[in-house]
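Inspection log for the structure reproduced underneath, given as structure tokens.
Residue numbers (our numbering): 7 to 423.
This is how it looks when you write it as structure tokens:
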């Protein structure tokens, strides 16, 4: 009789980000990614599988854990609807029970070493310069950055280019902030002509704009990456191609389906699986069997102060080796699980303002990062100019700060100095 799941345990951790980026994650409103749910799948054979969910950035939270109890892990592990952590834990348990690494459960291995990219959320050019040096020192040869109209993108890319080796590559993720092809083409051309380390532009304009993306792609040299499925594949092919490759993520079944479809189109992609050490390890197993996962994969595991693993897996020449031990193939740091465990995560922050300054002297004050996305996305200020900067203002207790914060909470406040 195959071993069956007897219990599913779930508990919450708060794993802080490293000091270098903690304040930036708070300003960007993604500090809540520090909340992780760990899932343990316990079997009647004594084998335990582990999984991880970033509760506030995931393709799926753990759902209906009782559905897997009383069944062999292999019967349930392809069900993406179970959520990230539970599915990962089932694969881990199934691999351990079979005595094979997870990639053997996914398909035929096509590589031992998987491409990996360093990643940071949006921050100042000065801080990106530091992060690029850290990335290179850790063995990365590629870095994904967030290119935003509230920072000087040109200065950011210039600083990264100056402090990294010649072979270093930059993936610039615009999250569609260039808004349209007429904005995008001059900016993208200037950057790629000035800074040859730029290799990929991700979503410079909205993904659904098929004709705009096609026109943009014809006029620039760098590769364009789209999230898989943003534009119907057949429509994209009929238009002559709207991107050069894909961003793929989600559950194991979806990732395998999309990755194999990309292979049939002979188009590269990178996996985007945001999480800690467990999630990054799962990405390695998927990468090991997906032939066209040839662009560097994105996780944010290096940004946490602890990977929840006994040892950080090394990155050598921009690649990490897929584990060969059964299951995930890594050792969980049980002491770390205990140390970061909480009953309930508290993501409250002190009252702050975000000040965006344009080179022309205009300042815009925001009460939260979400306002910036709407404000610039709707074209309230230019999205293509250089010289912009952003700072986080702490509450100084003054009546002036309280008044400005109250007004900014209702709507962004513009001043000219």
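All C-beta atoms in this analysis are idealised placements derived from N, C-alpha and C, irrespective of residue type, glycine included.
Query raised in the report: What's the gap between the Cα of residue 365 and the Cα of residue 402?
Result: For this step, residue 365 is matched to residue 359 along the chain shown. For this step, residue 402 is matched to residue 396 along the chain shown. Rounded to the nearest angstrom, the two C-alpha atoms are 26 angstroms apart.
**Report entry** C-beta atoms of residue 78 and residue 332 nearer than 8 angstroms
**Finding:** Residue mapping note: residue 78 aligns to position 72 of the chain shown, counting from 1. Residue mapping note: residue 332 aligns to position 326 of the chain shown, counting from 1. Cβ distance not < 8 angstroms, so residue 78 and residue 332 don't count as in contact.
Report task. Identify whether residue 133 lies in helix, strand or coil by the three-state DSSP scheme. Result -> Start at 1 with the first residue of the chain shown, and residue 133 comes out as number 127. Helix.
Query raised in the report: From 116, 405, 234 and 320, pick the residue whose C-alpha is nearest to that of residue 264; which is it?
Result: Looking up residue 264 in the chain shown gives position 258. Measuring from the Cα of residue 264, the nearest candidate turns out to be 234.
Query raised in the report: Between 136, 70, 98 and 76, which lies nearest to residue 83 when the distance is taken from Cα to Cα?
Result: Against the chain shown, residue 83 aligns to sequence position 77. The shortest C-alpha separation from residue 83 is found at 98.
Query raised in the report: According to the neighbour-count rule (16 or more other Cβ atoms, all chains shown, within 10 Å of its Cβ), is residue 59 buried or exposed?
Result: In the chain shown, residue 59 corresponds to position 53, counting from 1. Buried, by the Cβ-count rule.
Query raised in the report: Considering only residues of the stretch 19-105, which uninterrupted beta strand (DSSP E) runs meet the minimum length of 3 residues and lie entirely inside it, listed in chain order?
Result: 41-49 and 54-60
**Report entry** Beta bridge counterpart(s) of residue 15 as assigned by DSSP
**Finding:** Taking the first residue of the chain shown as position 1, residue 15 is located at position 9. Partner(s): 46.
Query raised in the report: By a C-beta neighbour count over all protein chains shown, 10 Å radius and 16 as the cutoff for buried, is residue 386 buried or exposed?
Result: For the purposes of this step, residue 386 is taken as the residue at position 380 of the chain shown. It counts as exposed.
Query raised in the report: Can you give the beta carbon distance from residue 438 to residue 362, rounded, assuming they're within the 8 angstroms contact cut?
Result: Only positions 7 to 423 of the chain appear in this structure, which leaves residue 438 out of reach.
Query raised in the report: I think residue 396 touches residue 360, with their Cβ atoms under 8 angstroms apart; what is that distance to the nearest whole Å?
Result: Position 390 of the chain shown holds residue 396. Position 354 of the chain shown holds residue 360. With 8 angstroms as the limit, residue 396 and residue 360 qualify as a contact, their Cβ atoms being about 6 angstroms apart.
Query - Limits of the beta strand (DSSP E) - the one that residue 226 falls within - result: Position 220 of the chain shown holds residue 226. Segment: none, residue 226 is in no beta strand (DSSP E) and carries neither H nor E.
Query raised in the report: DSSP on residue 195, reduced to helix/strand/coil?
Result: Within the chain shown, the letter at position 189 stands for residue 195. Of the three classes helix, strand and coil, the one that applies to residue 195 here is helix, per DSSP.
Query raised in the report: If you run the structure through DSSP and keep just helix, strand and coil, what is residue 410?
Result: Against the chain shown, residue 410 aligns to sequence position 404. If DSSP states are grouped into helix, strand and coil, residue 410 belongs with the helices.
Query - Sequence-distant residues of the same chain with beta carbon closer than 7 angstroms to residue 127, five excluded per side - result: Counting from 1 along the chain shown, the entry for residue 127 is found at position 121. If we look at residue 127 and ignore the five residues flanking it on each side, its Cβ neighbours are 30, 31, 34, 36 and 152.
Query raised in the report: Going by beta carbon distance, what residues of the same chain come within less than 7 angstroms of residue 380, once the five residues before and after it are set aside?
Result: Indexing the chain shown from 1 puts residue 380 at position 374. Within the same chain, residue 380 has no close Cβ partners at all.
**Report entry** Backbone secondary structure at residue 168 - three-state DSSP
**Finding:** Mapped onto the chain shown, residue 168 falls at position 162. Helix at residue 168.
Query raised in the report: DSSP on residue 369, reduced to helix/strand/coil?
Result: Within the chain shown, numbered from 1, the residue matching residue 369 stands at position 363. In this structure, residue 369 counts as strand in the three-state DSSP scheme.
Requested in this report: Determine the DSSP secondary structure at residue 163, reduced to helix, strand or coil.
Outcome: The residue given as residue 163 occupies position 157 in the chain shown. If DSSP states are grouped into helix, strand and coil, residue 163 belongs with the helices.
Query - For residue 377, three-class secondary structure by DSSP - result: Against the chain shown, residue 377 aligns to sequence position 371. If DSSP states are grouped into helix, strand and coil, residue 377 belongs with the helices.
Requested in this report: Report back the beta-carbon spacing between residue 231 and residue 251 to the nearest angstrom; my notes put them in contact at under 8 angstroms.
Outcome: Taking the chain shown and counting its residues from 1, the one referred to as residue 231 is at position 225. Taking the chain shown and counting its residues from 1, the one referred to as residue 251 is at position 245. With a Cβ gap of about 5 angstroms, residue 231 and residue 251 count as contacting.
Query raised in the report: In whole angstroms, what separates the C-alpha of residue 185 from that of residue 383?
Result: Along the chain shown, one-based indexing puts residue 185 at 179. Along the chain shown, one-based indexing puts residue 383 at 377. Each residue's alpha carbon lies about 7 angstroms from the other.
Query raised in the report: Should residue 326 and residue 120 be called a contact, given that it needs their Cβ atoms to be closer than 8 angstroms?
Result: Position 320 of the chain shown, counted from the start, is the residue given in the question as residue 326. Position 114 of the chain shown, counted from the start, is the residue given in the question as residue 120. The answer is yes: Cβ separation under 8 angstroms.
Requested in this report: Report yes if the C-beta distance between residue 303 and residue 122 is below 8 angstroms; otherwise report no.
Outcome: Against the chain shown, residue 303 aligns to sequence position 297. Against the chain shown, residue 122 aligns to sequence position 116. Result yes, Cβ atoms of residue 303 and residue 122 sit closer than 8 angstroms.
Query raised in the report: Is residue 251 helix, strand or coil when you go by DSSP?
Result: Numbered from 1 along the chain shown, position 245 holds the residue referred to as residue 251. Strand.
**Report entry** Backbone CA spacing between residue 247 and residue 238 [nearest angstrom]
**Finding:** Locating residue 247 in the chain shown gives position 241, where the first residue counts as 1. Locating residue 238 in the chain shown gives position 232, where the first residue counts as 1. Computed Cα separation, rounded: 11 angstroms.
Report task. Give the straight-line distance between the Cα atoms of residue 222 and residue 76, rounded to the nearest whole angstrom. Result -> Along the chain shown, read from residue 1 onward, the residue named residue 222 stands at position 216. Along the chain shown, read from residue 1 onward, the residue named residue 76 stands at position 70. The alpha-carbon atoms of residue 222 and residue 76 are separated by roughly 53 angstroms.
Report task. With a cut-off of 8 angstroms on the beta carbons, I'd call residue 373 and residue 109 a contact; round off their distance for me. Result -> If you number the chain shown from 1, residue 373 lands on position 367. If you number the chain shown from 1, residue 109 lands on position 103. Contact flag wrong, Cβ pair sits at about 46 angstroms.
Report task. Figure out for me which residue from 140, 45 and 159 has the closest Cα to the Cα of residue 129. Result -> Here residue 129 corresponds to residue number 123 of the chain shown, with the count starting at 1. Nearest of 140, 45 and 159 to residue 129, Cα basis: 159.
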